[in-house]
Each structure stands twice: as structure tokens, then as C-alpha cells.
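FYI, my numbering numbers position 60 of the sequence shown as 74, with every residue one higher than the one before it.
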Amino acid sequence: MKNRLSYAVLETIYRSSSLLNIELGKIFKEYNLTGTEFGIMEAIHSLGAQTIQQIAKRALLTSGGMTYTKKQMMTKNLIYEELCEEDKRISYLHLTDEGKKLIVKVLEKHDIYLDKLLSKLIAEEKKQIARLLRKIYK
15 MKNRLSYAVL
25 ETIYRSSSLL
35 NIELGKIFKE
45 YNLTGTEFGI
55 MEAIHSLGAQ
65 TIQQIAKRAL
75 LTSGGMTYTK
85 KQMMTKNLIY
95 EELCEEDKRI
105 SYLHLTDEGK
115 KLIVKVLEKH
125 DIYLDKLLSK
135 LIAEEKKQIA
145 RLLRKIYK
């Protein structure tokens, strides 16, 4: 088979991704969140208020997917929308107080899980994996 090594690489990426989705999904479900909702909350928590377009790009969502998820999160009182003073066509998403409290709790469990999962790797190996995987999508 000509592409055996490529298949082996993709299989390893797929298995790792599946494991993460399953295990992190358990954490998110415990807090009534989807992975997408967590990603949006984490982005706002880490980077501050973001435009809807910035968040959609980061979360790999279409505009329709972003609109749906935004409405769901607003219904759960996790985020709120604020229009830009200079350009009313632009709006920013912020975490509500409830959203801020929730993301701190979820991140605590999330980080504990990731530390445990990657505990067999030294810092340099983690950096190397991240650098190599970025080469695929950038």
C-alpha cells in the first residue's frame, strides 16, 4: 500500500480526536454544554468580548450554525450580545455573570482531564505535536 504511513498518521489523529470528543463530551454534558458552546465560552473567557464573526471563525461554524448556537446560549443565560457603538452592523458577545462562573468550573475539570491525558508527554513533546498538527491545517 503506497500511503500506509499517511493512513497510520490519520488513524492516530482520528483515534486521539475521538477519545477527546468522548471524554470531554462527558464533562460538557455534566454542565449541560455542547463542545461548541464550551469553545465559544472559552474564547470569550480567554480573549475577552469577540465579534460574532471572530467567534464563528475560531469555532469553525457557519453563520447559520453560529446564529443557532448564539440563541441557545442566550436562552441558557451564558452570553449576551452588545452592538458596536461605531458600527451597528457589528455586535460583540460577552459572558454573563452566570457564564463566567460556569466556564471557570468547566475549565477546572477540563484542565485536570487534559493534564492527566497528556501526563506521559514532556513539555517539548507537547510543543512538537502542536507544531506538527498546525502544519496540516495552516
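Quick reminder that beta carbons are idealized off the backbone N, C-alpha and C, glycines included.
Residue i versus the options, residue with shortest Cα-Cα distance
i: Arg148; options: Ser60, Ile27 and Val120; result: Ile27
i: Ile54; options: Gly39, Ala73 and Ile41; result: Ala73
i: Lys123; options: Glu44, Leu19, Ala63 and Arg103; result: Glu44
i: Leu61; options: Leu109, Leu47, Asn17 and Lys141; result: Leu109
i: Ala63; options: Gly113, Ala144, Asn17 and Arg18; result: Gly113
Collapsed DSSP secondary structure at residue i in the structure displayed
i: Thr65; result: strand
i: Leu107; result: strand
i: Leu97; result: strand
i: Tyr45; result: coil
Straight-line gap, residue i to residue j (C-alpha atoms, nearest Å)
i: Asp129; j: Phe52; result: 18 angstroms
i: Glu99; j: Asn35; result: 38 angstroms
i: Glu56; j: Ile117; result: 7 angstroms
i: Leu92; j: His59; result: 11 angstroms
Cβ neighbour criterion (16 or more within 10 Å) applied to residue i
i: Ile69; result: buried
i: Val120; result: buried
i: Lys152; result: exposed
i: Lys84; result: buried
i: Ile41; result: buried
> For the stretch 79-96 against the stretch 126-142, are there 3 or more C-beta pairs whose distance is under 8 angstroms?
Replying inline: no
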